[in-house]
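Below is one structure, written out as structure tokens; comments come after it.
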Amino acid sequence: MVDDERPGADGDCRRTTADGGFATAAAAEVGRTDDAGVWYRQLLVVAETEYRLAIRSRWAVAMTAIFAAFALGLTTFSGSSASPVGYERIVASLAVLAVYLVPLVALAFGYDAIVGREESGWLQTLFALPIDRAWLVVGAALGRAIAFASATILGFGIAGGFLLAEHGVGGFDVYAAFLLSTVALGLVFLGLGILASTLAAEKTHALGLSLLAWAWFVLVHDLLGLGIVAAFDLPDAAVSATILANPTGIFRALVLGTLGAAGDAGFATVLADAGLSTPVLVGALLAWIAVPIALAALIIRRRRL
């Protein structure tokens, strides 16, 4: 956000930003002539800027606190036994929570990445610099992804540390796999939020698109998919396509692959019928991370300010 404009010694207007001028300094760093054309340096500068702004705005702290509070609360009152089976039951409960909470937090963190910068006036400055617009989007996504992944690992990792101290290392690999899957799920919806931010003309529009995406992937899609699977005798390929078309379905499939009988029996039956392997699920989740960012990078080149 621009607070004021002051004339410099050479007569040009110098902007003072709400974050203490860091955005202006970073923009100047991106546009230095010796870095012009060196895309990876520009990418890293934008990513570092986004990461620092996430830290300064307390987003990283807030996300860490939210994840830690819910994870600790759920693991404290889960009443699981001190055994590998206990880990499985805890992860099964946390997976249900993560499907609803993590996408919502990731979308809230990402929906203003582009349109918010436009409303503050910073995007116009960046567009005037000798840097491909696509790298601005990729850099913003990378910086926010690092901040989000760090907050997720730290937040859920705090609960994991207490579980490790209480239950030991036996079965902790199940929790570690859940933690990595949760980070990937969050990055998917962070990318969707950035895509919504690139498409929208105002922050309110981006927020609306993000909420629609959350409602579709978290609430509506699985209900429709499971209903269709239950109502019709679909081939295995159709069941697989239904799961792969929803990142939350892929997340459930990855987590259930490590839980066995401790997971959702109904979804486990659907997953068994689909016959999806772990490498296929991981590859599909990585594609869900990359595709929204790639689309946003292509769309930003045609954006008019």
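Taking this note's numbering as reference, the numbering of the sequence shown is continuous, increasing by one, and the terminal residue is 885. Built from N, CA and C at the ideal position, the CB exists for glycine as well.
query                                                                                                                                                                                       : result
Apply the 10 Å Cβ neighbour rule to S820 and answer buried if 16 or more other Cβ atoms are within range, or exposed otherwise.                                                             : buried
Please determine, among I880, G829 and L787, the residue with the shortest C-alpha to C-alpha distance to G690.                                                                             : L787
Does E668 come out as helix, strand or coil in the three-state DSSP assignment?                                                                                                             : helix
By the three-class DSSP mapping on this structure, what secondary structure does G751 have?                                                                                                 : coil
Name the two residues that bound the continuous alpha helix (DSSP H) containing W796.                                                                                                       : Run containing W796: none; DSSP gives neither H nor E here.
Suppose you measure from the CA of I873 to the CA of L744; what does that come to, to the nearest Å?                                                                                        : 36 Å
Assuming contact is defined by CB atoms lying nearer than 9 Å, are R713 and A877 in contact in what I supplied?                                                                             : yes
Excluding sequence positions up to five away, which residues of its chain have a Cβ less than 7 Å from the Cβ of L684?                                                                      : W794
So for L765, helix, strand or coil by DSSP?                                                                                                                                                 : helix
Is it the case that the Cβ atoms of L834 and L814 are separated by a distance below 9 Å?                                                                                                    : no
Roughly how many angstroms separate the alpha carbons of M643 and F728, rounded to a whole number?                                                                                          : 8 Å
Is V871 helix, strand or coil when you go by DSSP?                                                                                                                                          : helix
Among E668, L624 and L687, which has the Cα closest to the Cα of F747?                                                                                                                      : Looking at the sequence provided, one finds His at residue 747 rather than Phe. The residue with the shortest Cα to Cα distance from H747 is E668.
Residue range of the alpha helix (DSSP H) that S637 falls in?                                                                                                                               : Run containing S637: none; DSSP gives neither H nor E here.
Check this for me: beta carbons of L839 and A739, under 9 Å apart or not?                                                                                                                   : no
Can you tell me whether S790 is buried or exposed, with buried defined as 16 or more other CB within 10 angstroms of its CB?                                                                : buried
Which residue's Cα is closest to the Cα of L623: A640, A678 and A720?                                                                                                                       : A720
Give the range of the alpha helix (DSSP H) segment to which R697 is assigned.                                                                                                               : V695 to S700
Between the stretch 699-715 and the stretch 798-813, can you find at least three pairs of beta-carbon atoms closer than 8 Å?                                                                : no
For R724, I'd like the list of residues in its chain whose CB is within less than 7 Å of its CB, leaving aside the five on either flank, ordered along the chain.                           : E630, A634, F689, G690, A693 and L770
Which of the three DSSP states, helix, strand or coil, is assigned to V618?                                                                                                                 : coil
Please go through the same chain and pick out, in chain order, the residues whose beta-carbon is closer than 7 Å to the beta-carbon of F736, but skip the five residues on each side of it. : F647, A651, L759 and T762
Within the continuous alpha helix (DSSP H) that includes I823, where are the two ends?                                                                                                      : D816 to L824
Where does the unbroken alpha helix (DSSP H) through L836 begin, and where does it stop?                                                                                                    : P827 to L839
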